[in-house]
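K.L.:
Structure below; questions to follow.
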Amino acid sequence: MAPDRNGNPGRIKVIFDANALMIPGQFGVDIFSEIEGVLGSYEPLTLEDVLSELKGISTGKGRDSSAARVGIMLSKRCRVVSGPYSGLTVDDRIISYAEFCGGIVATNDRGLKERLLDKNIDVITLRKQKTFEIIKA
1 MAPDRNGNPG RIKVIFDANA LMIPGQFGVD IFSEIEGVLG SYEPLTLEDV LSELKGISTG
61 KGRDSSAARV GIMLSKRCRV VSGPYSGLTV DDRIISYAEF CGGIVATNDR GLKERLLDKN
121 IDVITLRKQK TFEIIKA
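Under full-length UniProt numbering, the letters of the sequence shown match residues 1 to 137, in that order.
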């Protein structure tokens with residue numbers, strides 16, 4: 001196993017945002033298997049803030065709230081971490097955590113993707129609602 005950006009040994013860390021965890025509920029894609037097909041072995045992570053975001057979305061009605069409930073269930077397959085970054089938005093916390101651990105961020109959020117790539121953080125994203133691809137920073 002290759003070391004991460006900080007020289008720590010281990011698998012590639014993939015940080016899932018709320019949007020990524022909602023993909024299975026929206027498009028019927030198995031995010032964990034698809035990403036493993038692209039990266040090989042990896043460590044799935046998400047932030048406590050992402051779970052809070054999903055919980056807020058899940059209280060509504062409709063397709064997004066249903067997808068958020070699926071995302072909450074799927075988050076159990078991730079190591080949930082807390083970021084020590086108070087006073088930041090969820091997206092800013094994801095960016096800060098990705099910089100800290102040298103991870104890749106899984107998201108379909110266009111604005112977040114652009115910000116990550118500007119910070120030289122690789123992004124894994126859904127392409128054509130079917131497969132995942134890595135966008136190298």
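Yeah, the Cβ is synthetic: ideal placement off N, Cα and C, and Gly gets one too.
Should I57 and D49 be called a contact, given that it needs their Cβ atoms to be closer than 7 Å?
P.N.:
Going by C-beta atoms, I57 is not nearer than 7 Å to D49.
K.L.:
CA-CA distance, V123 and G60?
P.N.:
So the two alpha carbons sit approximately 29 Å from each other.
K.L.:
Following the continuous alpha helix (DSSP H) through R115, name the residue where it begins and the one where it ends.
P.N.:
Where R115 is concerned, the enclosing alpha helix (DSSP H) stretches over 110 to 118.
K.L.:
How big is the Cα-Cα spacing for I35 and G87?
P.N.:
Rounded to the nearest angstrom, the two C-alpha atoms are 31 Å apart.
K.L.:
Distance check for E43 and E114, CA to CA, integer angstroms please.
P.N.:
Their Cα atoms are separated by approximately 23 Å.
K.L.:
Around the Cβ of S75, are there at least 16 other Cβ atoms within 10 angstroms (buried) or fewer (exposed)?
P.N.:
Classification of S75: buried, given that the 10 Å Cβ count is 16 or more.
K.L.:
Under the rule that 16 or more other beta-carbon atoms within 10 Å means buried, what is T107, buried or exposed?
P.N.:
Burial call: buried.
K.L.:
According to DSSP, which residues form a beta bridge with I134?
P.N.:
DSSP lists I124 as partners of I134.
K.L.:
With DSSP as the reference, identify every bridge partner of R79, one or two as the case may be.
P.N.:
The partner list for R79 (beta bridge, DSSP) reads L45.
K.L.:
Along the chain, where does the alpha helix (DSSP H) that runs through V90 open and close?
P.N.:
Taken as a continuous stretch (DSSP letters only), the alpha helix (DSSP H) holding V90 covers 90 to 101.
K.L.:
Note down, in chain order, each residue of its chain lying with its Cβ closer than 6 Å to the Cβ of C101, except the 5 sequence neighbours on either side.
P.N.:
If we look at C101 and ignore the five residues flanking it on each side, its Cβ neighbours are K13.
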